[in-house]
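Protein chains in written order, with numbering that gives the first Met the number 0: chain A, 0 to 79; chain B, 0 to 79. In what follows, a single structure is set out as structure tokens and then discussed.
Number of protein chains: 2
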Amino acid sequence: MARVVVDVMLKPEILDPQGQAIARKLPQMGYEGVVAVRQGKRFEVEVEGPADEAALERVHTIAETLLANPVIENFEIRVL
Amino acid sequence: MARVVVDVMLKPEILDPQGQAIARKLPQMGYEGVVAVRQGKRFEVEVEGPADEAALERVHTIAETLLANPVIENFEIRVL
Numbered sequence: 000m001a002r003v004v005v006d007v008m009l010k011p012e013i014l015d016p017q018g019q020a021i022a023r024k025l026p027q028m029g030y031e032g033v034v035a036v037r038q039g040k041r042f043e044v045e046v047e048g049p050a051d052e053a054a055l056e057r058v059h060t061i062a063e064t065l066l067a068n069p070v071i072e073n074f075e076i077r078v079l
Numbered sequence: 000m001a002r003v004v005v006d007v008m009l010k011p012e013i014l015d016p017q018g019q020a021i022a023r024k025l026p027q028m029g030y031e032g033v034v035a036v037r038q039g040k041r042f043e044v045e046v047e048g049p050a051d052e053a054a055l056e057r058v059h060t061i062a063e064t065l066l067a068n069p070v071i072e073n074f075e076i077r078v079l
């Protein structure tokens with residue numbers, strides 16, 4: 000069994016109100032020095048067998064159909 | 000300027016209904032071979048200056064007070 004991570008982030012040109020809200024809150028809480036925050040999703044997908052090319056190809060298909068919205072989000076896949 | 004990633008995942012002993020819903024849906028969509036899915040959050044925090052020890056310490060404090068709930072979530076910090 001292998002664990003594959005899928006990181007999903009909004010595309011840079013897409014507004015991220017959640018991240019902006021966090022970044023705006025930080026100075027009020029006394030934390031300086033943070034310029035920007037972007038919030039995304041992280042999935043840990045446990046696959047049967049080894050994380051070979053076929054398994055990663057399958058996770059890629061799952062990511063683009065179910066985990067991410069390719070119109071507004073980018074995703075990256077890596078073996079944990 | 001440096002970019003620091005904060006990965007936030009539910010602790011292993013905490014039930015993850017979102018991840019379970021995805022894992023259950025996959026076979027119905029024709030995707031076999033996935034044993035489990037866990038869903039978490041990923042934050043990209045852009046900090047002023049270099050990602051030195053002081054900056055990472057600051058991000059750690061922000062993560063445990065604002066980005067994660069340490070009662071039910073674990074987090075990991077790494078420089079991008």
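Where a beta carbon is used, it is the ideal one built from N, C-alpha and C, also for glycine. Since the model is a prediction, treat every value here as computed from it, not as a measurement.
Legend entry - Residues near B:R86 in its chain [Cβ-Cβ closer than 6 Å; skip 5 each side]: As displayed, chain B neither begins before 0 nor continues past 79, which places residue 86 of chain B out of reach and without an answer.
Legend entry - Proximal chain B residues relative to A:K40, where beta-carbon distance stays under 9 Å: Q38, G39, K40, R41
Inset, instruction - Grab me the residues of B:E45's own chain with a C-beta within less than 7 Å of its C-beta, minus the 5 sequence neighbours each way, in chain order. - result: M0, R2
Legend entry - Beta carbon of A:R37 nearer than 8 Å to that of B:E43: yes
Inset, instruction - My understanding is that A:G32 touches B:R57, with C-beta atoms under 8 Å, so please give their C-beta distance in whole angstroms. - result: 6 Å
Legend entry - Collapsed DSSP secondary structure at B:V70 in the structure displayed: coil
Legend entry - Proximal chain A residues relative to B:I71, where beta-carbon distance stays under 7 Å: Residues of chain A passing the Cβ test: none, with the nearest at roughly 16 Å.
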